[in-house]
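**Student:** So for the sequence shown, the working numbering puts the first residue at 5; every next one is plus one.
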Amino acid sequence: MHNKFGAKVCLKKLIYLDNSATTKPCEKAIKNINLALNDSWANPSSLYDLGFHAQMLVDDTRKAVANVLRCREDEIYFTSGGTESNNTAILGAVYARKKRGNRIVTTAIEHPSVLETVRRLENEGFEVVYLKPQADGCVSESDIKSAINQKTILVSIMLVNNETGAIQPVKAASEAIKSAGAPALLHCDGVQAFGKMPINLSALGVDLFSLSAHKIHGPKGVGALYIKKGVTVKSLLTGGGQEKNLRSGTESVPLIYGLKGAVDSIGNINKNLEEQNLLWDYAKNSLLDTGLVKINSPQTALPYILNISVEGYRSETMLHFLEAQGVYVSSGSACAKGEGSYVLREMGYSQKAVDSALRISFSRFNTKDDIDALKGAICSATQKLRRAN
5 MHNKFGAKVC
15 LKKLIYLDNS
25 ATTKPCEKAI
35 KNINLALNDS
45 WANPSSLYDL
55 GFHAQMLVDD
65 TRKAVANVLR
75 CREDEIYFTS
85 GGTESNNTAI
95 LGAVYARKKR
105 GNRIVTTAIE
115 HPSVLETVRR
125 LENEGFEVVY
135 LKPQADGCVS
145 ESDIKSAINQ
155 KTILVSIMLV
165 NNETGAIQPV
175 KAASEAIKSA
185 GAPALLHCDG
195 VQAFGKMPIN
205 LSALGVDLFS
215 LSAHKIHGPK
225 GVGALYIKKG
235 VTVKSLLTGG
245 GQEKNLRSGT
255 ESVPLIYGLK
265 GAVDSIGNIN
275 KNLEEQNLLW
285 DYAKNSLLDT
295 GLVKINSPQT
305 ALPYILNISV
315 EGYRSETMLH
325 FLEAQGVYVS
335 SGSACAKGEG
345 SYVLREMGYS
355 QKAVDSALRI
365 SFSRFNTKDD
375 IDALKGAICS
385 ATQKLRRAN
C-alpha cells in the first residue's frame with residue numbers, strides 16, 4: 005500500500021481486544037444503516053407511505069430485540085444508548101415512586117452512568133446503599149437481602165460487570181424485593197450481557213433492562229430500554245410523544261435499523277458462548293504461562309472479558325507499548341478515561357494491581373492468533389521496559 009506521496013506504507017495487522025469499549029460495526033449493521041439512509045429517510049411519524057416504510061424498520065427492530073430478550077415488542081423503547089437507558093430507568097423509576105419510599109440500593113461497581121445518576125438522587129435527599137463486591141467481584145446475595153427494606157423504591161444491579169466480567173446475582177435481588185415486600189422496581193444494566201449470554205427477563209425478574217447497540221457490532225448512538233408491561237416510569241423528555249411518550253424526538257431510523265442488523269448477526273448465542281469459553285481459557289492460560297500476569301477476573305466471569313495485571317508496569321505505559329505493536333486493549337472502562345479502576349479497588353485489590361490492570365475484551369471475531377499476538381506483545385513490552393529502566 006502507498007500513501008498519497010507514493011511512499012510504501014507497511015500496515016500492521018490490527019489486533020483489537022477492547023470490545024467492551026466498543027465493537028467494529030458488522031456488515032449487516034452497515035448495510036441496514038445505508039438502506040435506511042437511502043430508501044427510508046422519511047419521518048416515521050408521518051402519515052404517508054414514506055413515513056410508514058420508515059416506521060416498519062423501527063417496528064422490525066423492536067421485534068428483533070424483543071426476541072433476544074424473550075419479551076413483548078411493546079416493552080422495548082429506543083434510546084440513544086446505554087447511558088440514556090440507565091438514566092431514564094433510574095430517574096424515571098425513582099421519580100414515579102418517590103411517594104412510596106426513599107431508599108435506593110445499587111452496587112459500588114456499577115457503570116458511571118448508574119453511579120453518577122444515583123449520586124445525583126442522593127444529593128436530592130434519597131438514601132442510597134452501595135453494596136460492595138466480594139473478592140470474586142460479585143455482590144453477595146445476603147448483602148442484597150439485608151439492604152432491601154419496605155422503603156426501597158429501586159434496586160439497580162448490572163448483569164455483567166464491564167471491567168471484570170463478573171456476573172451479578174440479579175435474580176436474587178428480585179427474590180429479595182418480593183421477600184421484603186418492598187415497592188421497589190428492579191433495574192438491570194445489561195449493556196455488557198445483551199447478545200452475549202442467554203437472557204430471559206421474566207426469569208430474572210427485572211422490571212427495567214438497558215442495552216446498547218455498539219457493544220454488539222452495531223452503531224453508536226442507539227440503544228434500548230425494556231420496561232415491563234404495567235410498570236410506570238416518568239419521562240425525562242417532552243415533545244412530540246414518540247416511543248409512547250417516554251422519549252420524545254424523531255427516531256433515528258438508520259441507527260435503529262443498524263441495531264437490527266447487529267442483532268440479526270449475533271447467531272446462536274449458546275454456541276458463541278461455548279466457543280468464547282474456550283478462547284477465554286486459552287487466553288488466561290497463555291498469559292499465565294508468561295509468569296508476568298495475574299488474573300483479576302473470576303473463573304465464573306462472562307468469557308468476553310478478562311481483567312489482568314502486569315504488576316510492575318503501569319497500565320497506561322503498557323497500553324501504549326502494546327498499541328505500538330498493533331494490539332489494542334484498555335486499562336479499564338472507557339468512561340474512566342485512564343483513571344485507576346474503582347471496581348478493582350472495591351474488590352480489595354492492592355494499588356499495585358490497580359495501577360497495572362489491563363482489560364482484555366473479546367468479540368466473536370477474535371481468535372487464538374490474536375491471543376498469541378497479545379502474549380508476544382506483552383513479553384516484548386516488558387523486555388523493552390526493563391532495558392529502559
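Beta carbons: idealized from backbone N, C-alpha and C, even for Gly. The structure presented is a predicted model; accordingly, all values stated were derived computationally and were not measured.
1. Taking only the alpha-carbon atoms, compute the straight-line gap between G243 and E88 and give it to the nearest angstrom.
2. Can you list, in chain order, the residues of its chain whose CB lies under 7 Å from that of V358, leaving out five sequence neighbours each side?
3. Run through DSSP, which three-state label would E120 get?
4. Per DSSP, what kind of secondary structure is H191 in: helix, strand or coil?
5. Cutting at 6 Å between CB atoms, please list the residues of its own chain near A381, excluding the five before and the five after it.
6. Whole-angstrom Cβ separation of R107 and E128, contact assumed at under 8 Å?
7. On the DSSP bridge list, what partners appear for A361?
8. In or out: C14 buried (at least 16 other Cβ within 10 Å) or exposed?
9. List the endpoints of the continuous beta strand (DSSP E) containing Y134.
10. Assuming Y81 is part of the beta strand (DSSP E), what are its boundary residues?
11. Expressed to the nearest angstrom, what Euclidean distance is found between the alpha-carbon atoms of R104 and L158?
12. Looking at M162 and H400, is the spacing between their C-beta atoms short of 8 Å?
13. Need the endpoints of the alpha helix (DSSP H) that V257 sits in, please.
14. Nearest-angstrom Cα distance between R363 and S50?
15. Hey, I309 and S365 are a contact pair by Cβ (cut 8 Å); roughly how many whole angstroms apart?
16. According to DSSP, is V297 part of a helix, a strand, or is it coil?
17. Assuming K242 is part of the alpha helix (DSSP H), what are its boundary residues?
18. S214 by DSSP, collapsed to three states: which one?
19. Suppose contacts are defined by Cβ-Cβ distances below 8 Å. Is V226 in contact with F82 by that definition?
20. Going by CA-CA distance only, name the one from N166, A112, E79, I260 that's closest to S206.
21. If I measure Cβ to Cβ from K35 and keep anything under 7 Å in the same chain, skipping five residues before and after, which residues do I get?
22. Of the choices Y286, V267, L259, T65, whose alpha-carbon is the least far from that of W45?
23. Are the region 272-279 and the region 293-302 in contact at 8 Å, needing three or more beta carbon pairs?
24. Do A40 and L54 come within 8 Å of each other at the CB atom, strictly closer than that value?
25. Please classify N90 as buried or exposed, where buried requires at least 16 neighbouring CB atoms within 10 angstroms.
26. In terms of residues, what are the limits of the alpha helix (DSSP H) holding R107?
27. Shorter than 7 Å, the distance from the beta carbon of S49 to the closest heavy atom of the ligand SAH, or not?
28. Would you kindly work out how many angstroms separate the C-alpha atoms of D373 and Y286, rounded to a whole number?
29. Can you check DSSP and say which residues form a bridge with V159?
30. So, is the C-beta of Y20 closer than 8 Å to a C-beta in chain B?
31. Assuming A186 and I152 make a contact with CB atoms under 8 Å, what is their CB distance in whole Å?
32. May I have the straight-line CA-CA distance separating L378 from K288, to the nearest angstrom?
33. Return the CA-CA distance between M5 and L18, expressed in angstroms with no decimal places.
**Tutor:** Put simply:
1. Going by the C-alpha atoms only, they are around 17 Å apart.
2. G344, S345, L348, R349
3. helix
4. Here H191 sits in strand by DSSP.
5. L326, Q329, V331
6. Not quite, the Cβ-Cβ distance comes to about 13 Å (not below 8 Å), so this is no contact.
7. S313
8. Any reading at C14 needs caution, since the residue's pLDDT is 45, under 50, leaving its predicted position unreliable; the model's value is listed next. So C14 counts as exposed.
9. 131-135
10. 80-83
11. 11 Å
12. For the chain, the structure presents residues 5 to 393; residue 400 sits outside this window and is missing.
13. 257-268
14. 45 Å
15. Correct: roughly 5 Å between the Cβ atoms.
16. Coil.
17. The sequence shown places Thr at residue 242, not Lys. From DSSP, T242 is part of no alpha helix (DSSP H); its letter is neither H nor E.
18. strand
19. It is a contact, given that the beta carbons lie within the stated cut-off.
20. E79
21. Same-chain partners within the cutoff: G265.
22. L259
23. no
24. no
25. buried
26. Unbroken run through R107 is the beta strand (DSSP E), 107-111; no alpha helix (DSSP H).
27. Although the ligand SAH was asked about, the structure shown includes no ligands whatsoever.
28. 11 Å
29. Answer by DSSP bridge pairing, in chain order: V109, L190.
30. Reference to chain B is not applicable here, since this structure consists of a single protein chain.
31. 5 Å
32. 11 Å
33. Residue confidence is low: M5 scores 46 on pLDDT, short of 50, so the model does not pin down where it sits. Its coordinate-derived value is still stated next. Computed Cα separation, rounded: 15 Å.
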